[in-house]
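Counting in our numbering, the sequence shown runs from 568 upward without gaps. Note that beta-carbon positions come from the ideal geometry of N, C-alpha and C, so glycine has one too. Nothing here was measured: the structure is a model prediction, and the numbers come from that model.
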Amino acid sequence: MKIITVKDYNEMSQKVAEYVIEKVNQNPNITLGLATGGTPLGMYKYLIEDHQKNKTSYQNAQSFNLDEYVGLSQDDPNSYNYYMYNEFFNHIDITKSNVHIPNGNAPDVQKECIDYEALIEKNGGIDLQILGIGNNGHIGFNEPGTSFQAKTHVIDLTPSTKEANARYFHSIEDVPAQAITMGIATIMKSKEILLLISGESKQAALSNLLHGEIDESSPASVLRNHPCVTIFADEDALRDTGK
Ligand code: F6R
568 MKIITVKDYN EMSQKVAEYV IEKVNQNPNI TLGLATGGTP LGMYKYLIED HQKNKTSYQN
628 AQSFNLDEYV GLSQDDPNSY NYYMYNEFFN HIDITKSNVH IPNGNAPDVQ KECIDYEALI
688 EKNGGIDLQI LGIGNNGHIG FNEPGTSFQA KTHVIDLTPS TKEANARYFH SIEDVPAQAI
748 TMGIATIMKS KEILLLISGE SKQAALSNLL HGEIDESSPA SVLRNHPCVT IFADEDALRD
808 TGK
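This is the structure in structure tokens:
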């Protein structure tokens, strides 16, 4: 694992965006794995700015999002589908049929998971996966205890994840109980992974990832088994982690 230390959130966002832009320019047919949440928002902002200024094109790129809440319609402002169009896709030239996000409102969510996994495989897998990390060490919505063998599946969100994400909802009761997420095995099949970590609240998760046991109780620890991971971490996240 390679660690790139950055000063703060803004520098992280900029450096990751520069990295992604280079990869997209090298391979215009790239398949991106994308994340939502607070962490990648700055990166999306820089990618949009670059697209407008330098015309980096996503027309032939494919994208697969990591996860989606179960039970929210695609146009619900709290759905990750809404987030992705609002924060990124509506502002670049990606071909809409190349965008893939699990449908959390599918009539049969189990089938949706199987189909989503198959679609990733049919597409030849993910070239560059962007990840954030939960305070509890989750990646995607793979909560502590999830099998490292898991493929795309439905997960019950833990109280700590619901609490962390309640800031986007009226109240914690409104946070969906479940999500569809790519599994750990799905994520680990990506050819390359970029993990973005910013802020003091992520210190423990980062410390566990770097120094803890590689164990299902700490989902992100599995990344130490992946041959091509770059962590972009800011000073607040790295403090007290011995790095
Ligand atoms: C989002 C995702 C999650 C988030 C994590 C951190 O698609 O898969 O793993 O990356 O919950 O969220 P933020 O960035 O809001 O702290």
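VAL742 carries a coil assignment under DSSP once its states are collapsed to helix, strand and coil. Residue pairing of GLU759 in beta bridges, as defined by DSSP: LEU695.
The DSSP assignment places complete alpha helix (DSSP H) segments of no fewer than 4 residues inside the segment 643-716 at 647-654 and 676-689, in order along the chain. Of the residues assessed, GLN619 falls on the exposed side of the cut-off, its CB having fewer than 16 other CB atoms within 10 angstroms.
Relative to the ligand F6R, LEU633 has its C-beta within less than 7 Å of a heavy atom.
THR719 places its beta carbon 8 Å or farther from that of GLU767. For GLU767, no beta strand (DSSP E) segment is defined, and its DSSP state is neither H nor E.
The three-state secondary structure of TYR576, taken from DSSP, is helix. In the displayed model, HIS737 falls within coil according to three-state DSSP, outside both helix and strand. In the DSSP assignment, the residues bridged to VAL721 are ILE747.
Classified as exposed, ASN792 has fewer than 16 neighbouring CB atoms from the shown chains inside 10 Å of its CB.
Straight-line measurement puts the Cα of SER784 at about 43 Å from the Cα of ASN621. Taken through DSSP and simplified to helix, strand or coil, ASN792 comes out as helix. Within the model, the alpha-carbon separation for THR725 versus ASP575 is close to 28 Å. Per the C-alpha coordinates, the member of ILE659, LEU608, PRO786 and ILE697 positioned closest to GLN716 is PRO786. Under the DSSP assignment, SER630 falls in the beta strand (DSSP E) whose first and last residues are 629-632. In this structure, the beta-carbon distance from GLY707 to LEU633 falls below 8 Å.
With a cut-off of 7 Å, the C-beta of HIS705 is classified as near the ligand F6R, since at least one heavy atom of the ligand falls inside that distance. Around the Cβ of SER646, a 10 Å sphere holds 16 or more other Cβ atoms; the residue is buried. Out of THR623, CYS795 and PRO674, the CA that lies nearest to the CA of GLN696 is found in CYS795. PRO669 is a Cβ neighbour of GLU679, given a cutoff of 8 Å. For the ligand F6R, no non-hydrogen atom lies closer than 7 Å to the CB of ALA772.
DSSP places TYR625 outside both helix and strand once states are collapsed to three, so it counts as coil. Within the DSSP bridge table, the entry for TYR636 names ALA746 as partners. Annotated three-state conformation of ASP801 is strand, per DSSP. When DSSP states are grouped into helix, strand and coil, GLY600 belongs to the strand group.
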